[in-house]
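UniProt numbering puts the first residue of the sequence shown at 1, with every later residue one more than the last.
Built from N, CA and C at the ideal position, the CB exists for glycine as well.
A short worksheet on the structure shown next.
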Amino acid sequence: MGSVNEKVYKMLCEVYTAEIGAIGIYMDQHTKCEDLGLNKLAEMLKKDAIDEMKHAEMLAGRILFLGEIVKNQKHALPEEKQFDIVKMLKLNRDIEVEAIARLNEGITICFNEKDHGSRMLLEEILKSEEEHLSNLQTMVNNIEKYGDQYIVLHLM
1 MGSVNEKVYK MLCEVYTAEI GAIGIYMDQH TKCEDLGLNK LAEMLKKDAI DEMKHAEMLA
61 GRILFLGEIV KNQKHALPEE KQFDIVKMLK LNRDIEVEAI ARLNEGITIC FNEKDHGSRM
121 LLEEILKSEE EHLSNLQTMV NNIEKYGDQY IVLHLM
């Protein structure tokens, strides 16, 4: 098309790709946690996966609105043999930290390129990712502080 800003388009596709990766990782963890009887944690992971799916859907819609195609690129994949809850939560925390950095960078690009529709979309997604990060950090801190007792009381 050529009418859409190339920097904005490239960045929207990168954010989209990261969301697709997060969906797969969170769904994989959701099913594993459900199988382990960690039902509260499984539900949270399922909700997070659905949130990421909504983000990907909004991003795809924005890319199409701008007259471009959604590029499917290589994305992060779940670790098949990963069943350690603390490692899962720390991985997710890292995913969210990276997402927040990517979104903040994207917001700056959109602002500089005067694409405020895309900027507002990224700001909406950013708030959701910050909420995910806050919840994950609280869980990791509590597991480190209280160990299995926290897992039994709050995640099963």
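Same chain, Cβ closer than 8 Å to residue i, neighbours up to 5 away in sequence not counted
i           : result
ALA76       : ALA18, GLY21, ALA22, GLY24, ILE25 and ILE95
residue 167 : The question about residue 167 has no answer, for the chain in this structure spans 1 to 156.
ARG62       : LEU12, GLY117, SER118 and LEU121
GLU105      : MET11
Contact check, residue i vs residue j, beta carbons under 8 Å
i      : j      : result
LYS74  : HIS154 : no
LEU89  : VAL140 : yes
LEU59  : VAL15  : yes
HIS30  : LEU12  : no
LEU66  : MET156 : no
GLU131 : ILE100 : no
VAL97  : LEU133 : yes
ARG93  : GLN149 : no
MET27  : ALA49  : yes
ILE143 : VAL86  : yes
Residues of its chain near residue i, where Cβ-Cβ distance is below 6 Å and the 5 sequence neighbours each way are ignored
i      : result
HIS55  : GLU19 and ILE125
ARG119 : ILE107, CYS110 and PHE111
VAL152 : none
PRO78  : GLY24, ILE25 and ASP28
GLU52  : GLU19, ALA22 and ILE23
GLY117 : none
ASN72  : none
Run of the alpha helix (DSSP H) containing residue i, from where it starts to where it stops
i     : result
LEU12 : 6-35
Proximal residues to residue i (C-beta, below 7 Å), its chain only, five neighbours per side dropped
i      : result
ILE109 : LYS7, VAL8 and MET11
GLU123 : ILE107
LEU103 : VAL15, LEU122, ILE125, LEU126 and GLU129
LYS145 : none
Heavy atom of the ligand FMN within 7 Å of residue i beta-carbon
i      : result
LEU133 : Only the bare structure without any ligand can be found here, which leaves the ligand FMN out of the picture.
Next on the checklist: Please give the ranges of any alpha helix (DSSP H) in the segment 55-125, keeping only runs that are unbroken, at least 4 residues long and fully inside the region.
Outcome noted: 85-112
Next on the checklist: Whether or not the segment 1-15 and the segment 107-115 are in contact is what I'm after, with contact meaning three or more pairs of Cβ atoms, one per stretch, closer than 8 Å; do they touch?
Outcome noted: yes
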